[in-house]
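Residue 117 in the UniProt record's numbering sits at position 117 of the sequence shown; the count goes up by one each step and never skips.
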Amino acid sequence: MDTHSVKLVLGESNISTRHAFVSMLRQKGFSDINHAANFTALQNILKSSSVDLLVCDTNLEAGCLSQLISDIRQDKIGKNPFMVIIGLVTKAESGIIRSLVNAGIDDILIKPVSGLNLEKHLHMLAHHRKKFLATENYFGPDRRKDTRADQKSHVGTFVVPNPLDQAGIKVTPFQVKQQIEKTKKMVNDQFIERYAAELELSTGHLELLQSNKKMDEIPLTLNKIARASMVLRSKLGMSGFTQAINLCSDLLQLSTDVKARSEQFSQENVHEIRQVNHKIQNIIFPVSKPQEKPTRPTPMPVKKKKTSPAVTHNEAVPDVASQEELLKHLKKHA
1 MDTHSVKLVL GESNISTRHA FVSMLRQKGF SDINHAANFT ALQNILKSSS
51 VDLLVCDTNL EAGCLSQLIS DIRQDKIGKN PFMVIIGLVT KAESGIIRSL
101 VNAGIDDILI KPVSGLNLEK HLHMLAHHRK KFLATENYFG PDRRKDTRAD
151 QKSHVGTFVV PNPLDQAGIK VTPFQVKQQI EKTKKMVNDQ FIERYAAELE
201 LSTGHLELLQ SNKKMDEIPL TLNKIARASM VLRSKLGMSG FTQAINLCSD
251 LLQLSTDVKA RSEQFSQENV HEIRQVNHKI QNIIFPVSKP QEKPTRPTPM
301 PVKKKKTSPA VTHNEAVPDV ASQEELLKHL KKHA
């Protein structure tokens, strides 16, 4: 673990504890250390620079660590939603622990923290960091005991850039930024595919309900269409499908208006919703028509020498097993 190159931020209000912690971190090889005595200072650091590792006390003045972590993971603050985050607590209160875990924290340490304990946890995060789980309301380490549970609500799991584990590969700040941006795009694209597919499914289900006169189930399906439209619209800004943003807004408004007068639901409403959804699907999943090749005289057959079959190479997939494979995957497609 190359701690020398890690950009670390410590959030600790108590000055003596802060000095002791900084001293301990320097002994572990960390040299690029910034510290904050309150949330305002911490937020300013996160906004102005890229951070690899955040170590923060839950009692830091003038703010809520759980909310800050959630904002970091949802890319609302800071430049790196994949930064490693360690929380410091004075005692293991279940409510605080649950709140931190639900926000997307990587690890929690109980104060006082010994140098040996800190080193053990950093080593685990460097070499055995959990994959990240993406859902509509959560992005962070995947702590599910049963990975088969709740399959409908999650988009997928991802190996994310881990600054504590560069696997012996020297990377420049530009390459690190590239890793972060490409992984953000990869996750965002998965969200788009997931909710575009849900939109298509719900629209088809709406048509079926209308044709079978199951009017009592229509409001619930309209809710699903509105929700999928809203989530999809929020993800299209950093994609190549920005022309679908207004269409998602139209579909959200249309489904909301139709639900408000669901007792008057008609075939015309189904047609309107289907048309807007069709335009969205064509933008996100365009169907390319094969080009017609001009006819020409058939050439005389030429006897060719037998050659060995070409070796094909499968492209790496996003769900790779290690940080080293992720780096290679991102460099290959740079």
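Note that the Cβ used here is the ideal one computed from N, Cα and C, for glycine as well.
Should residue i go down as buried or exposed, given a rule of 16 or more other Cβ atoms within 10 Å for buried?
i    : result
F174 : exposed
D165 : buried
R194 : buried
T40  : exposed
N212 : exposed
T221 : buried
I69  : buried
T242 : exposed
I225 : buried
Q291 : Note that Q291 scores 49 on pLDDT, short of 50, meaning its location in the model is unreliable; the coordinates nonetheless yield the value given after this. Label assigned to Q291: exposed.
G240 : exposed
Which stretch, first to last residue, makes up the beta strand (DSSP E) that contains residue i?
i    : result
H35  : 32–36
I86  : 84–89
T135 : 132–135
I77  : Taken as a continuous stretch (DSSP letters only), I77 belongs to no beta strand (DSSP E), as it is neither H nor E.
G140 : 139–141
L109 : 107–110
What's the C-alpha gap between residue i and residue j?
i           : j    : result
K7          : D52  : 5 Å
N282        : A196 : 10 Å
S5          : D32  : 7 Å
L206        : K184 : 33 Å
D2          : E198 : 43 Å
K131        : F265 : 44 Å
P286        : G78  : 34 Å
C248        : L232 : 7 Å
F139        : E263 : 38 Å
L251        : V258 : 10 Å
residue 335 : M230 : A query on residue 335 cannot be resolved here, the shown segment of the chain reaching from 1 to 334 and no further.
R18         : E12  : 6 Å
I110        : S66  : 16 Å
S94         : V113 : 19 Å
F158        : V187 : 8 Å
F21         : R73  : 25 Å
L42         : Q267 : 55 Å
D75         : M215 : 40 Å
A228        : E136 : 10 Å
Within its chain, find whatever has a CB closer than 8 Å to the CB of residue i; leave out the 5 residues flanking it on each side and keep chain order.
i    : result
G115 : M24, Q27, K28
I45  : V9, N34, A36, V51
M124 : D107
Quick one: residues in its chain with C-beta nearer than 6 Å to the C-beta of residue i, no 5 flanking neighbours on either side, listed in chain order?
i    : result
Q210 : V270
P163 : V6, D52
Output the boundary residues of the alpha helix (DSSP H) element that contains residue i.
i    : result
I284 : 267–284
L60  : From DSSP, L60 is part of no alpha helix (DSSP H); its letter is neither H nor E.
K7   : That residue, K7, is in no alpha helix (DSSP H); its beta strand (DSSP E) goes 7–11.
L46  : 39–48
I15  : 15–27
R98  : 94–103
L125 : 115–127
Within 7 Å: the Cβ of residue i and any heavy atom of the ligand ATP?
i    : result
V187 : The ligand ATP is absent from the structure shown, which contains no ligands of any kind.
By Cβ distance below 7 Å, which residues in the same chain neighbour residue i in space, the five residues on each side in sequence not counted?
i    : result
I180 : N80, F82, P161
A244 : L236, I280, I283, I284
N277 : L199, E200, T203, L251
L254 : E272, I273, V276
R261 : none
D142 : K130, K131, F132, L133, T157
I96  : T58, V89
*asked:* Restricting to runs no shorter than 4 residues, where is the alpha helix (DSSP H) found entirely within the region 203–245?
replied: 218–235
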